[in-house]
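So the number in UniProt numbering is just where the residue sits in the sequence shown, counting from 1, plus 134. Note that CB positions come from ideal geometry on N, CA and C, so glycine has one too. Input: a single structure, listed below in structure tokens.
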Amino acid sequence: DPQLNRQYTFENFVEGDCNRLARSAGYAVAAKPGGTSFNPLMIYGGVGLGKTHLAQAIGNEIKRTLPDKLVLYVSCEKFTQQFVDALKHNNINDFVNFYQAIDVLIMDDVHNFAGKEKTQDFFFHIFNHLHQSGKQLIITSDKAPKDLAGLEERLLSRFKWGLSADLQIPDLETRMAILKNKTYQDGIDLGDDVIEYVAHNIDNNVRELEGAMVSLLAQSTLNRKEIDLNLAKQMLKNFVKNSSKEISMEYIQSLVCEYFEVPIEMVKSQTRKREIVQARQISMYLAKAHTKSSLKSIGSFFGGRDHSTVIYACQTVEDLIDTDKKFKGYVADIQKKLKMS
Ligand code: ADP
Ligand code: MG
Numbered sequence: 135d136p137q138l139n140r141q142y143t144f145e146n147f148v149e150g151d152c153n154r155l156a157r158s159a160g161y162a163v164a165a166k167p168g169g170t171s172f173n174p175l176m177i178y179g180g181v182g183l184g185k186t187h188l189a190q191a192i193g194n195e196i197k198r199t200l201p202d203k204l205v206l207y208v209s210c211e212k213f214t215q216q217f218v219d220a221l222k223h224n225n226i227n228d229f230v231n232f233y234q235a236i237d238v239l240i241m242d243d244v245h246n247f248a249g250k251e252k253t254q255d256f257f258f259h260i261f262n263h264l265h266q267s268g269k270q271l272i273i274t275s276d277k278a279p280k281d282l283a284g285l286e287e288r289l290l291s292r293f294k295w296g297l298s299a300d301l302q303i304p305d306l307e308t309r310m311a312i313l314k315n316k317t318y319q320d321g322i323d324l325g326d327d328v329i330e331y332v333a334h335n336i337d338n339n340v341r342e343l344e345g346a347m348v349s350l351l352a353q354s355t356l357n358r359k360e361i362d363l364n365l366a367k368q369m370l371k372n373f374v375k376n377s378s379k380e381i382s383m384e385y386i387q388s389l390v391c392e393y394f395e396v397p398i399e400m401v402k403s404q405t406r407k408r409e410i411v412q413a414r415q416i417s418m419y420l421a422k423a424h425t426k427s428s429l430k431s432i433g434s435f436f437g438g439r440d441h442s443t444v445i446y447a448c449q450t451v452e453d454l455i456d457t458d459k460k461f462k463g464y465v466a467d468i469q470k471k472l473k474m475s
């Protein structure tokens with residue numbers, strides 16, 4: 135099964151206060167897919183806190199114990215892409231039939247549905263069909279259903295039907311346990327002092343924790359040095375330094391267009407279609423806020439416009455942020471993606 139990564143199991147999902155409820159709910163769902171009140175099971179939490187791992191662990195466990203069940207893992211992005219392709223090639227029916235036949239649907243990162251109204255509508259119908267047929271849905275997102283901006287109310291209300299369980303940042307003890315588990319899995323020898331030092335200093339999320347360890351290993355190999363506390367201290371300095379990159383206007387443009395499902399070249403065109411104008415204005419606003427580019431160069435980048443157009447765009451966006459909650463959510467979402475890059 136190409137969609138499920140076999141490495142993501144319950145066994146190597148270290149338990150802690152940060153994930154206890156989500157983990158045990160996941161376990162219950164895996165034992166009785168569609169047969170508990172945890173339907174959908176909604177797992178939410180910040181980047182790198184284990185949403186994908188836990189969701190896939192449920193899928194893997196079901197495949198192991200109930201091999202007849204049809205389990206599908208799909209990211210929201212991939213689903214969107216499939217939907218767009220199906221529309222383009224006129225085979226929506228096949229697409230619907232395929233999804234309606236699934237016993238356990240794992241939909242990862244549903245916050246990415248924000249702004250994609252057509253895809254959301256479509257998912258809404260698939261959701262209803264599966265739920266009514268007693269099939270299990272497992273959904274992950276970066277926020278609690280009540281805080282998900284840019285998603286339709288009727289879809290959000292479905293998400294609230296089952297159980298929402300969050301993943302939080304692991305405490306020091308759990309971070310150490312995760313590192314130990316990882317070193318054990320990979321057959322690496324790390325001293326307790328190193329583990330404690332890394333766990334103490336990297337406290338954002340689990341992915342960074344693992345990243346620090348990979349970086350530590352790489353540097354030890356490269357410099358033919360043992361992984362000791364000194365190397366860990368040196369590595370951590372580089373690790374933190376490497377994490378801030380410059381943001382370009384190209385990048386802003388691609389992010390905004392992907393978010394609103396608009397073709398990238400349209401933003402630079404002369405069209406005045408509402409959704410394109412909105413994408414263009416938000417791009418300009420973000421370019422002003424997050425790059426060092428002048429108003430003049432922002433204007434010329436986004437289709438040869440002058441600086442007063444950029445000022446107008448920024449004002450429009452600021453006004454909408456103040457008055458339109460949904461719009462504010464869109465901008466906040468995109469901004470968050472920018473910062474993650
Ligand atoms: P998310 O989907 O929330 O962004 P991931 O599921 O991709 O996060 O997790 C990031 C990394 O951290 C993965 O390699 C995952 O295996 C690891 N990880 C997260 N939580 C745990 C945990 N409790 N125990 C072990 N590994 C974890
Ligand atoms: Mg993920």
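**Study point:** Cut-off 6 angstroms between Cβ atoms - residues of its own chain near isoleucine 196, not counting five sequence neighbours on either side
**Key:** Ala164, Pro167, Lys203, Val205, Val238
Point to revise | Residue range of the unbroken alpha helix (DSSP H) whose run includes aspartate 300 | key: Here aspartate 300 belongs to no alpha helix (DSSP H); instead the beta strand (DSSP E) covers 297–300.
Point to revise | Alpha-carbon to alpha-carbon, isoleucine 468 and valine 451 | key: 13 angstroms
Exercise for review: Ignore the nearest five residues each way along the sequence and tell me which others in serine 388's own chain have a CB closer than 7 angstroms to its CB.
Suggested key: Ile398
Review point. In terms of residue numbering, what span does the beta strand (DSSP E) encompassing isoleucine 322 cover?
Key: Neither: isoleucine 322 is in no beta strand (DSSP E) and is coded neither H nor E.
Exercise for review: Determine, using beta-carbon pairs with one atom in the region 411–422 and one in the region 252–264, whether at least three such pairs fall under 8 angstroms.
Suggested key: no
Practice item. Please say whether phenylalanine 293 and threonine 253 have beta carbons closer to each other than 8 angstroms? Key: no
**Study point:** Alpha-carbon spacing of aspartate 458 relative to serine 158, whole angstroms
**Key:** 39 angstroms
Practice item. Please find out if some non-hydrogen atom of the ligand ADP comes closer than 7 angstroms to the beta-carbon of phenylalanine 147. Key: yes
Check your understanding: Just the Cα atoms here: how many angstroms apart are aspartate 151 and aspartate 305?
Key -> 8 angstroms
Practice item. Within its chain, find whatever has a CB closer than 8 angstroms to the CB of leucine 472; leave out the 5 residues flanking it on each side and keep chain order. Key: Ile381, Tyr385, Ile386, Leu389, Leu420, His424
Point to revise | Host beta strand (DSSP E) of aspartate 458 (start-end) | key: Per DSSP, aspartate 458 belongs to no beta strand (DSSP E) and is neither H nor E.
Point to revise | beta-carbon isoleucine 336 near the ligand ADP non-hydrogen atom, thresh 7 angstroms | key: no
Practice item. State whether the region 178–188 contacts the region 319–329, with contact taken as three or more CB pairs (one from each stretch) at a distance under 8 angstroms. Key: no
Point to revise | Distance between isoleucine 416 and methionine 383 (C-alpha atoms, nearest Å) | key: 12 angstroms
Review point. Which ranges would you report for the beta strand (DSSP E) in the region 243–283 if only whole runs of at least 3 residues count?
Key: 270–275
Practice item. If I'm right that leucine 365 touches serine 354 with Cβ under 8 angstroms, what's the distance once you round it to whole angstroms? Key: 6 angstroms
**Study point:** Cβ neighbour criterion (16 or more within 10 Å) applied to lysine 269
**Key:** buried
Check your understanding: Taking C-beta to C-beta, are valine 465 and isoleucine 455 nearer than 8 angstroms?
Key -> yes
Check your understanding: What's the gap between the Cα of aspartate 219 and the Cα of valine 208?
Key -> 15 angstroms
Practice item. Please report the residue range of the alpha helix (DSSP H) in which valine 390 lies. Key: 383–394
Review point. Could you give the residue range of the alpha helix (DSSP H) that holds isoleucine 303?
Key: From DSSP, isoleucine 303 is part of no alpha helix (DSSP H); its letter is neither H nor E.
Point to revise | Buried or exposed (CB count within 10 angstroms, at least 16 for buried), asparagine 338 | key: exposed
Exercise for review: Evaluate glutamine 215 with the Cβ neighbour count: other Cβ atoms within 10 Å of its Cβ, from every protein chain shown; 16 or more gives buried, anything less gives exposed.
Suggested key: exposed
Exercise for review: Helix, strand or coil for serine 417, going by three-state DSSP, please let me know.
Suggested key: helix
Check your understanding: The beta strand (DSSP E) spanning methionine 176 covers which residue range?
Key -> 175–178
**Study point:** Span separating the alpha-carbon of cysteine 391 from that of valine 401
**Key:** 8 angstroms
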